[in-house]
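One point on numbering: in numbering that gives the first Met the number 0, the residue at position 249 of the sequence shown is 248, and numbering is uninterrupted.
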Amino acid sequence: MPILDGFSATMRVDGVDLPEFRIERDLERRRISCWVPSQPDKEFGVIVNSGSRARGPWVAGVLADGVRAYSTICLTDQSCNVGFFQKSSTVKCPFSFAKVDLVDDDALLHTIEATRIGEIEISCYLVEVTNSYFRPEYSNAIADNSRVHEKSKKGLSEHVGFKKEIESTQPCRFYTTQTIEFIGTFVFRYRPLAWLQAERIAPTKDQVIPVVDFARLPYRSSATASSSTSVTGDGTEEKPLVISDTEDSDDEVTRQRRQPPSPSKRKRAPDHESQAKKAKTEAYPVDIIDLT
Numbered sequence: 000m001p002i003l004d005g006f007s008a009t010m011r012v013d014g015v016d017l018p019e020f021r022i023e024r025d026l027e028r029r030r031i032s033c034w035v036p037s038q039p040d041k042e043f044g045v046i047v048n049s050g051s052r053a054r055g056p057w058v059a060g061v062l063a064d065g066v067r068a069y070s071t072i073c074l075t076d077q078s079c080n081v082g083f084f085q086k087s088s089t090v091k092c093p094f095s096f097a098k099v100d101l102v103d104d105d106a107l108l109h110t111i112e113a114t115r116i117g118e119i120e121i122s123c124y125l126v127e128v129t130n131s132y133f134r135p136e137y138s139n140a141i142a143d144n145s146r147v148h149e150k151s152k153k154g155l156s157e158h159v160g161f162k163k164e165i166e167s168t169q170p171c172r173f174y175t176t177q178t179i180e181f182i183g184t185f186v187f188r189y190r191p192l193a194w195l196q197a198e199r200i201a202p203t204k205d206q207v208i209p210v211v212d213f214a215r216l217p218y219r220s221s222a223t224a225s226s227s228t229s230v231t232g233d234g235t236e237e238k239p240l241v242i243s244d245t246e247d248s249d250d251e252v253t254r255q256r257r258q259p260p261s262p263s264k265r266k267r268a269p270d271h272e273s274q275a276k277k278a279k280t281e282a283y284p285v286d287i288i289d290l291t
């Protein structure tokens, strides 16, 4: 499982983590990438776990095929699924692998979207909550990446699609936050297993590949960010607009606003404290954030 500064992420299908191949770390950019096998017409989750690293509010923002789709804010250390697209204040759509339509349309050959299809990107931050509010009228749409030029990417046969919608009886709550520290970015590149094996990225049944424990590799601590960012409709800037579908977090948010997190509480936890706390499973996440 890819690990960055105490945070970890994985993609999951039918309750089983997908195997990761050719894991690469870029310490300068605080970025880790890997390849995973796609499974046609299957829903999948994107699970992020802060371990005991955050010790306060943290955000995970998701790009699906290069398009901003969904993010979540957690007020404590926990594990959460961010594999969704937030369609409205009450409706979200779980990610799934959907078949692409390969076409001979040169207009699609050099688009920015085409260069990012086949990737799931998750960026994690430590934040301070500064405000919360409701936006019942919130509505959003995501770009259609189902049509891809046949020469745009080798081995591409699926994109991120949506098979169903999940509706909540309560509207989501939005939050504004200020970034305290950038943890890092996880990148999952997905392709059919047969293609990964043909490219010698994934082993065949008769091959054995070495296992690297990335949790034991050294990591340079990151600098603290002092400025907040702002969000726009096209997503060119980033100031988290956080959404929650319950009122349970009101007291916690008030506490966070009255007692801003101390820098000393943001220090890296010792190795013996790195085990993640168990998070209560909800049918609909308690806190979500949308950066569209």
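Backbone N, C-alpha and C define an ideal beta-carbon position, used for all residues, glycine too.
- Each of P191, A97, S131 was checked against the Cα of D143, and the nearest Cα belongs to A97.
- In this structure V159 is buried. Its beta-carbon is surrounded by 16 or more other beta-carbon atoms within 10 angstroms.
- Boundaries of the alpha helix (DSSP H) around A197: 192-197.
- Counting C-beta atoms within 10 angstroms of its own C-beta, S138 has fewer than 16 neighbours from the protein chains shown and is therefore classed as exposed.
- In this structure, V90 keeps its C-beta atom at 8 Å or more from the C-beta atom of E157.
- Counting C-beta pairs with one atom in each stretch, the segment 54-73 and the segment 20-37 have fewer than three that are closer than 8 Å, which means they do not touch.
- For D16, the secondary structure class from DSSP, reduced to helix, strand or coil, is strand.
- Inclusion of V81 and S70 in the CB contact set at 8 Å is warranted, their separation being smaller than that value.
- Beta bridge pairing from DSSP links C79 with V47.
- Taking the Cβ atoms as the reference, I182 lies roughly 18 Å from M10, outside the contact range of under 8 Å.
- In this chain, the beta strand (DSSP E) harbouring V61 covers 57-63.
- Taking C-beta atoms as the reference points, Y174 and I72 count as a pair closer than 8 Å.
- Here I72 is bridged, per DSSP, to V58.
- Annotation for T129: the continuous beta strand (DSSP E) segment containing it runs 118-133.
- For R188, the secondary structure class from DSSP, reduced to helix, strand or coil, is strand.
- Comparing alpha-carbon positions, the option among L3, E42, T176 lying closest to S51 turns out to be L3.
- Separation of the CB atoms of C92 and K163 is rounded to 7 Å, and the pair is thereby assigned contact status at 8 Å.
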